[in-house]
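A.B. asks: Numbering of the sequence shown is given in the numbering used here, commencing with residue 43 and proceeding in unit increments.
Before anything else, here's the structure in question.
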Amino acid sequence: MAKAIGEMRGMTPEISKQLTAKGIKDSNQLLEAVAKPADRKKLAAELGVATSVVLDLANRADLARVNGIGTVFADLLEKAGVDTVKELATRNPDNLLAKMTEVNSSDQVSKRLPQLADVQNWIAQAKELPKLLQY
Numbered sequence: 043m044a045k046a047i048g049e050m051r052g053m054t055p056e057i058s059k060q061l062t063a064k065g066i067k068d069s070n071q072l073l074e075a076v077a078k079p080a081d082r083k084k085l086a087a088e089l090g091v092a093t094s095v096v097l098d099l100a101n102r103a104d105l106a107r108v109n110g111i112g113t114v115f116a117d118l119l120e121k122a123g124v125d126t127v128k129e130l131a132t133r134n135p136d137n138l139l140a141k142m143t144e145v146n147s148s149d150q151v152s153k154r155l156p157q158l159a160d161v162q163n164w165i166a167q168a169k170e171l172p173k174l175l176q177y
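Right, here's the structure in full:
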C-alpha cells in the first residue's frame, strides 16, 4: 500500500520537497525510482545526501508494500533485523514475533505488538510480492 512521501519515516521536509518536485509523491514511485544501486546513487547525488539515506528510504518504501505494516511496525521490524520484503519473506513467524517482542521490551518502539496471525500474514504477503530492490 503506497504511503505519501511526507509520511515516510526518515523523510526530511527538504528531501520530500525535492522528491515531489521530481514527480515522486509516494512510496511506490520512490521504490520504482531507486530499485537499482545505480539509481540510488544518482538520486542521492541529486538530493545531496549519502547513498545510505536513499537506501534506508528505499527499504522503507519496500516494506510499505505489505498491508498492515505501518511506520511503527516497520520500525520494530527494522530493529528486529528485517528491513526489506525479501528478508521478511524468509522469516519464521514465531521466531520473528519473539525477536520483535524482545526488541520492543528493551526499546519500547510500540505500545502494542502484532499478533502471530499478523506476522504470518505479512510473511505470506512478502512471499507473493515481487522482489523489486536490487543490490
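Positions of the beta carbon are idealized from the N, C-alpha and C atoms, including for glycine.
1. Grouping DSSP H, G and I as helix and E and B as strand, with all else coil, what is Asp81?
2. Can you grab the Cα-Cα spacing for the pair Gln60 / Asp68, in whole Å?
3. Roughly how many whole angstroms lie between the Cα atoms of Asp160 and Ala122?
4. What is the C-beta distance between Ala87 and Asp81, in whole angstroms, given that I count them as a contact (C-beta under 8 angstroms)?
5. Helix, strand or coil: which one does DSSP assign to Thr136?
6. Roughly how many angstroms lie between the CA atoms of Tyr177 and Lys78, to the nearest whole one?
C.D. replies: Once the coordinates are examined:
1. The DSSP-derived three-state label of Asp81 is helix.
2. Each residue's alpha carbon lies about 13 angstroms from the other.
3. Distance between the alpha carbons of Asp160 and Ala122 is about 16 angstroms.
4. At roughly 11 angstroms, the Cβ-Cβ gap does not stay under 8 angstroms, so Ala87 and Asp81 are not in contact.
5. As written in the sequence, residue 136 is Asp, which differs from the Thr given in the question. It is helical.
6. Cα to Cα, the separation comes out at about 7 angstroms.
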